[in-house]
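Chemist: Here it is, the structure, as structure tokens.
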Amino acid sequence: MFIRIGGGILYSFLEYAAYVTYFPQLVAGPIVTHDVLVPQLQDEERKHLDFNYLSKGIILFTFGLAKKVLLADVFGNFVNLAYADVNALNATTAFFAMLAYTFQIYFDFSGYSDMAIGLGWMMNIDLPINFDSPYKALSVTEFWKRWHMTLTAFFTKYVYIPLGGNRKSVVRTYVNIFIVFLLSGFWHGAGWTFILWGIMHGLAQMLERILKKYWSKLHPAFSWLMAFVFVNVAWIYFRAESITDAHIILAKMLSFHFGAISSEMVAVFSQPEWMLLWSKFAPGVLETYNNINMVLYFAVAAVMVLAFPNAKYVAEKCTSKRSTPFLVALLLTWCIFSFTGVSTFLYFNF
Amino acid sequence: MAKHWCRSFIVFFALLMAGFGGLTIVIDPYFHYHKPLESLEYRIYNERYQNDGIVKHFDYDALITGTSMIQNFKTSEMDALFGTHSIKIPFSGAAYKEVSENIERAISANSNLKTVVWGLDYNRFYGDFNATRYESYPTYLYDDNPFNDVNYFFNKSVAISDTYKNVIEFTNEGGHTTTFDEYNNWNGAHVFGKEAILSQISRPNKTQDVAYSKLNPQNIEQNVLTLVKAHPEIDFYLFWTPYSIISFDIENQRGELKNILKWEKEAIELMYPYKNLHLYSFFDEFDMITDLDNYKDILHYSEDVNSYILVSMAKKDHEVTADNYEAYCQNIWDFYTQYDYDSIYE
Chain Z
20 MFIRIGGGIL
30 YSFLEYAAYV
40 TYFPQLVAGP
50 IVTHDVLVPQ
60 LQDEERKHLD
70 FNYLSKGIIL
80 FTFGLAKKVL
90 LADVFGNFVN
100 LAYADVNALN
110 ATTAFFAMLA
120 YTFQIYFDFS
130 GYSDMAIGLG
140 WMMNIDLPIN
150 FDSPYKALSV
160 TEFWKRWHMT
170 LTAFFTKYVY
180 IPLGGNRKSV
190 VRTYVNIFIV
200 FLLSGFWHGA
210 GWTFILWGIM
220 HGLAQMLERI
230 LKKYWSKLHP
240 AFSWLMAFVF
250 VNVAWIYFRA
260 ESITDAHIIL
270 AKMLSFHFGA
280 ISSEMVAVFS
290 QPEWMLLWSK
300 FAPGVLETYN
310 NINMVLYFAV
320 AAVMVLAFPN
330 AKYVAEKCTS
340 KRSTPFLVAL
350 LLTWCIFSFT
360 GVSTFLYFNF
Chain E
19 MAKHWCRSFI
29 VFFALLMAGF
39 GGLTIVIDPY
49 FHYHKPLESL
59 EYRIYNERYQ
69 NDGIVKHFDY
79 DALITGTSMI
89 QNFKTSEMDA
99 LFGTHSIKIP
109 FSGAAYKEVS
119 ENIERAISAN
129 SNLKTVVWGL
139 DYNRFYGDFN
149 ATRYESYPTY
159 LYDDNPFNDV
169 NYFFNKSVAI
179 SDTYKNVIEF
189 TNEGGHTTTF
199 DEYNNWNGAH
209 VFGKEAILSQ
219 ISRPNKTQDV
229 AYSKLNPQNI
239 EQNVLTLVKA
249 HPEIDFYLFW
259 TPYSIISFDI
269 ENQRGELKNI
279 LKWEKEAIEL
289 MYPYKNLHLY
299 SFFDEFDMIT
309 DLDNYKDILH
319 YSEDVNSYIL
329 VSMAKKDHEV
339 TADNYEAYCQ
349 NIWDFYTQYD
359 YDSIYE
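First to last, the sequence lines map onto chains Z and E.
The numbering used here applies: residue 20 is where the first sequence begins, and numbers increase by one.
The numbering used here applies: residue 19 is where the second sequence begins, and numbers increase by one.
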């Protein structure tokens, strides 16, 4: 039994089935087209255990899992508390909630992609890179060349180019960009918040194209800041339960009514391993600086998204170092031990 | 090179997982596999995580259970009065069904169990009979599936906070395994008395009496009598948790008081026929109920009240029986429907 794909390519049923059910990327990408995956599945050279691929696959998978479990999930708990009651936020909490979601969604999604690529490598399959340090982008247009790159490629190939791309008129180019991002909004979820988020990104890129001459003359630090702030604000709409909630968060931030972050929210960052380390090596520090864990999480996340090279390249380098087997094993163990917590029962009364 | 990397990684990974996981399995801070090791001291504090291990692996022939209303009981007093060897398993905030199902688990785990003391929260017997708080339970500890135990022994909170801090470090610091007199006893942590209580509440406005309808018997039948009937070999010492006079005022203001008193009588009528069910009530101990120095809030009473409950049970004092329940019900009806509640707030 054979399956015919567009362009007249013929695959056996087994090859086609292996392609459509390829589990590493099935759930969360990267989006892989048949012409990337199936030839690798057919390649006899790849059908044996390759320790080189296996080792770098293990490393990248572990990096991805660490991004997801040790960072994204922790920021996620903070975000959930903040977005559950937006009216209760002060400006400080709203600001950190915005930033926390920016970090959460990046570490979550790029972590999944790293895990998928890592799993692929373990099976001698090369999956395309999906994230290339997107928060380093100096414009929204560049952001989309670095964020969920296979989705951008998919929309470019199947929507933007068929619509004429930038080959028709200037106006038509703008319309095409706008259509792509409107669709991207729909693709992310059936809700007005996602559609508005897509529209925001479409409009921002139209604006960047119009102002290209001026934009390119700006100091890179300034254009980075503009792009990063825009992406952050857009994520508020992406995450909020409703557009009204998103407006409230923005209003809270712009109210400049700064204040303390609630102890319940700060406690999200008090993971048991840090509490143990503080108590052993610097007792008393937490009593004086009870926000220190939270500050460190945000600082580490910021350094990672802005200064670190791509996990894929780091993974490839790590295989040649002597100390890495132990460190990667330790990181993987740490991740697995972080899957389940112990819930606190908050109802003492009754 | 790459082959060597993979081999080293697998060895380190296996050692780390087995080392940290094995430590929790061997020490077993939640008593999921065995009772406390003789050579170590354990801090017992986490009810939903540790109670199941306690009922499965400790030696006992009696247990005290219920909600925070039973946390101040001392099993040493119980044992002295009843000649038992008892444990205490509190479930903060639990409704009847949750406690009932946990008693059932204890019974099936321990055939020596002969006596159950169970505090029945007086504000729950007419409530939702299927209410539970299982959504936040560590269900992997409660089921018989050994595979999901990975959530227990590959768990950094357990490894760090319990296996290490609450057992290893606790032992090194000279701690001693929490006794059932101490287990979640909160008596010393609170201020008692009228001033403390009134600062926590706002008195509801008086509303019309809510129309009476018969008690839904399920809370008693499904959650209490099923156990009592199935286990005639076990004596169930049940008591209504003796809330303060202010709780009666609040129900009176809400127009619910008369209904609750009528429902109580209906509940008693469901329970008194059973020989192995001994129901106690202290609502006719009016001096105790109206003395706010016994309470930290409108419901929670001091450990002296817990001691008094045990002494009374041992003497069969305050037992509600077929012979005396009508007089008891009339007595408390007269008292609580005619009490001058405004005087509390003067």
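Each residue gets a CB set at the ideal place from its N, CA and C atoms; glycine is no exception.
Just so you know, these numbers come straight off a predicted model, no measurement behind them.
Which full runs of the alpha helix (DSSP H) of 4+ residues lie inside the segment 200-237 of chain Z, going along the chain?
Modeler: Within the segment 200-237 of chain Z, the complete alpha helix (DSSP H) runs of at least 4 residues are 211-229, 231-234.
Chemist: List, in order along the chain, the chain E residues whose C-beta lies closer than 9 Å to that of SER289 (chain Z)?
Modeler: Taking the first residue of the first sequence as 1, we reach residue 289 (chain Z) at position 270. By Cβ distance, chain E contributes nothing, its closest Cβ being about 11 Å from SER289 (chain Z), past 9 Å.
Chemist: So, with DSSP's three-state summary, where would you put THR83 (chain E)?
Modeler: Counting from 1 along the second sequence, the entry for residue 83 (chain E) is found at position 65. If DSSP states are grouped into helix, strand and coil, THR83 (chain E) belongs with the strands.
Chemist: For the alpha helix (DSSP H) that TYR160 (chain E) lies in, which residues bound it at each end?
Modeler: Here residue 160 (chain E) refers to the residue found at position 142 when the second sequence is read from its first residue. Looking at the DSSP string, the run of the alpha helix (DSSP H) that includes TYR160 (chain E) is 157-160.
Chemist: Since ILE26 (chain E) meets chain Z, which of its residues come closer than 7 Å, beta carbon to beta carbon?
Modeler: Residue mapping note: residue 26 (chain E) aligns to position 8 of the second sequence, counting from 1. Here residue 26 (chain E) turns out to be Ser, not Ile, going by the sequence shown. Correct list: PRO344.
Chemist: Can ASN69 (chain E) and THR359 (chain Z) be called in contact, C-beta distance under 8 Å?
Modeler: Taking the first residue of the second sequence as 1, we reach residue 69 (chain E) at position 51. Taking the first residue of the first sequence as 1, we reach residue 359 (chain Z) at position 340. No.
Chemist: Return the bridge partner residues of GLU337 (chain E) from the DSSP annotation.
Modeler: For the purposes of this step, residue 337 (chain E) is taken as residue 319 along the second sequence, with counting starting at 1. Paired residues: E:TYR298.
Chemist: Within 8 Å (strictly less), CB to CB, does PHE367 (chain Z) reach chain E?
Modeler: Position 348 of the first sequence, counted from the first residue, corresponds to residue 367 (chain Z). For PHE367 (chain Z), the predicted structure reports a pLDDT of 45, less than 50, and the residue's modelled location is therefore unreliable. A value from the coordinates is still provided. At least one chain E Cβ lies under 8 Å of PHE367 (chain Z).
Chemist: Considering Cα atoms alone, identify which of E:LEU256, E:ASN277, E:ALA345 is closest to TRP136 (chain E).
Modeler: As a first step, residue 136 (chain E) is located in the second sequence; it is residue number 118 there, counting from the start. Among E:LEU256, E:ASN277, E:ALA345, the Cα nearest to that of TRP136 (chain E) is on E:LEU256.
Chemist: Along the segment 159-179 of chain E, where does the CB come closer than 9 Å to a CB of chain Z? Name the residues.
Modeler: Under the 9 Å Cβ criterion, the segment 159-179 of chain E contributes VAL168, ASN169, TYR170, PHE172, ASN173, LYS174, SER175, VAL176, ALA177, ILE178, SER179.
Chemist: Looking only at its chain, what residues have a beta carbon closer than 8 Å to the beta carbon of ASN141 (chain E), apart from the 5 residues adjacent to it on each side?
Modeler: If you number the second sequence from 1, residue 141 (chain E) lands on position 123. Answer for ASN141 (chain E): TYR261, SER265, LEU317, listed in chain order.
Chemist: Taking only beta carbons into account, state which residues of the segment 306-324 of chain E come closer than 8 Å to chain Z, listed in chain order.
Modeler: Listed in sequence order: ASP315, LEU317, HIS318.
Chemist: Taking C-alpha atoms, which residue in E:ASP309, E:ASP335, E:GLU251 lies nearest to ASN130 (chain E)?
Modeler: Translated into positions along the second sequence, residue 130 (chain E) becomes position 112. When only C-alpha atoms are compared, the closest one is E:GLU251.
Chemist: Can you have a look at TYR332 (chain Z) and say buried or exposed, based on whether 16 or more other CB atoms are within 10 angstroms of its CB?
Modeler: Against the first sequence, residue 332 (chain Z) aligns to sequence position 313. By the 10 Å Cβ count, TYR332 (chain Z) comes out exposed.
Chemist: Under 8 Å between C-beta atoms, does GLY360 (chain Z) make it to chain E?
Modeler: Locating residue 360 (chain Z) in the first sequence gives position 341, counting from the first residue. True, the Cβ-Cβ gap to chain E drops below 8 Å.
Chemist: Pairing CB atoms from the segment 343-351 of chain Z with CB atoms from the segment 79-95 of chain Z, are three or more of them under 8 Å?
Modeler: Counting Cβ pairs under 8 Å, three or more are found: they touch.
Chemist: On the three-state DSSP scale, how would you describe ILE45 (chain E)?
Modeler: Counted from its first residue, the second sequence places residue 45 (chain E) at position 27. In this structure, ILE45 (chain E) counts as helix in the three-state DSSP scheme.
Chemist: Between E:GLU59, E:TYR319, E:THR197, E:ALA207, which has its C-alpha nearest ILE186 (chain E)'s C-alpha?
Modeler: Position 168 of the second sequence, counted from the start, is the residue given in the question as residue 186 (chain E). ILE186 (chain E) has its Cα closest to that of E:GLU59, out of E:GLU59, E:TYR319, E:THR197, E:ALA207.
Chemist: For a test of the three-state rule: what should DSSP assign to GLY130 (chain Z), helix, strand or coil?
Modeler: Mapped onto the first sequence, residue 130 (chain Z) falls at position 111. Three-state DSSP puts GLY130 (chain Z) in a helix.
Chemist: Let me check understanding here. Comparing Cα to Cα, which of Z:VAL51, Z:VAL105, Z:ALA334 lies closest to PHE173 (chain Z)?
Modeler: Translated into the one-based positions of the first sequence, residue 173 (chain Z) becomes position 154. It is Z:VAL51.
Chemist: Step through the CB atoms of chain Z and report whether any lies within less than 8 Å of the CB of PHE38 (chain E).
Modeler: Walking along the second sequence from the start, residue 38 (chain E) turns up at place 20. With 8 Å as the cut-off, PHE38 (chain E) counts as an interface residue toward chain Z.
Chemist: Go ahead and pull the three-state DSSP assignment for LEU256 (chain E).
Modeler: Position 238 of the second sequence, counted from the start, is the residue given in the question as residue 256 (chain E). In this structure, LEU256 (chain E) counts as strand in the three-state DSSP scheme.
Chemist: Can you find a CB in chain E that lies within less than 8 Å of the CB of PHE356 (chain Z)?
Modeler: Stepping through the first sequence from its first residue, residue 356 (chain Z) is reached at position 337. Yes - at least one Cβ of chain E is within 8 Å of the one on PHE356 (chain Z).
Chemist: Helix, strand or coil, according to DSSP, for TRP204 (chain E) in the structure here?
Modeler: Residue mapping note: residue 204 (chain E) aligns to position 186 of the second sequence, counting from 1. Of the three classes helix, strand and coil, the one that applies to TRP204 (chain E) here is coil, per DSSP.
Chemist: Which residues, in chain order, does the segment 284-308 of chain Z contribute to contact with chain E at a C-beta distance below 7 Å?
Modeler: Within the segment 284-308 of chain Z, the qualifying residues are PRO291, GLU292, LEU295.
Chemist: Could you please give me the residues that DSSP links to LYS106 (chain E) through a beta bridge?
Modeler: Sequence index remark: in the second sequence, residue 106 (chain E) carries index 88 (1-based). DSSP lists E:ILE82 as partners of LYS106 (chain E).
Chemist: Compute the Euclidean distance between the alpha carbons of ALA223 (chain Z) and ILE148 (chain Z), then round it to the nearest angstrom.
Modeler: If you number the first sequence from 1, residue 223 (chain Z) lands on position 204. If you number the first sequence from 1, residue 148 (chain Z) lands on position 129. If I take the Cα positions, the gap works out to 25 Å.
Chemist: Along the chain, where does the alpha helix (DSSP H) that runs through TRP351 (chain E) open and close?
Modeler: The residue you call residue 351 (chain E) lines up with position 333 of the second sequence. 343-356 is the span of the alpha helix (DSSP H), which, as asked, contains TRP351 (chain E).
Chemist: For TRP163 (chain Z), which three-state DSSP category applies?
Modeler: Here residue 163 (chain Z) is taken as the residue at index 144 of the first sequence, counted from 1. Correct three-state label for TRP163 (chain Z): helix.
Chemist: How many angstroms separate the CA atom of ASP311 (chain E) from the CA atom of GLN218 (chain E)?
Modeler: As a first step, residue 311 (chain E) is located in the second sequence; it is residue number 293 there, counting from the start. As a first step, residue 218 (chain E) is located in the second sequence; it is residue number 200 there, counting from the start. Going from the Cα of ASP311 (chain E) to the Cα of GLN218 (chain E) covers about 15 Å.
Chemist: What residues in its chain sit with their C-beta under 7 Å from that of ASP227 (chain E), if we drop five residues either side in the sequence?
Modeler: Counting from one through the second sequence, the residue named residue 227 (chain E) turns up at place 209. Excluding sequence neighbours, ASP227 (chain E) sits near GLY273, LYS276.
Chemist: Taking all protein chains shown into account, decide if VAL39 (chain Z) is buried (16 or more other Cβ within 10 angstroms of its Cβ) or exposed.
Modeler: Taking the first residue of the first sequence as 1, we reach residue 39 (chain Z) at position 20. Label assigned to VAL39 (chain Z): exposed.
Chemist: Given this structure, state the Cα-to-Cα distance separating ILE136 (chain Z) from LEU100 (chain Z), to the nearest angstrom.
Modeler: Along the first sequence, read from residue 1 onward, the residue named residue 136 (chain Z) stands at position 117. Along the first sequence, read from residue 1 onward, the residue named residue 100 (chain Z) stands at position 81. C-alpha separation (whole angstroms): 32 Å.
Chemist: So with CB distances below 7 Å, who are the chain E contacts of VAL347 (chain Z)?
Modeler: Counted from its first residue, the first sequence places residue 347 (chain Z) at position 328. Under the 7 Å cutoff, chain E gives PHE27.
Chemist: For ASN148 (chain E) and ALA340 (chain E), what's the separation of their Cα atoms in angstroms?
Modeler: The sequence position of residue 148 (chain E) within the second sequence is 130, counting from 1. The sequence position of residue 340 (chain E) within the second sequence is 322, counting from 1. Spanning the two alpha carbons is a distance of roughly 28 Å.
Chemist: SER357 (chain Z) by DSSP, collapsed to three states: which one?
Modeler: Residue mapping note: residue 357 (chain Z) aligns to position 338 of the first sequence, counting from 1. Residue state, collapsed to three classes: coil.
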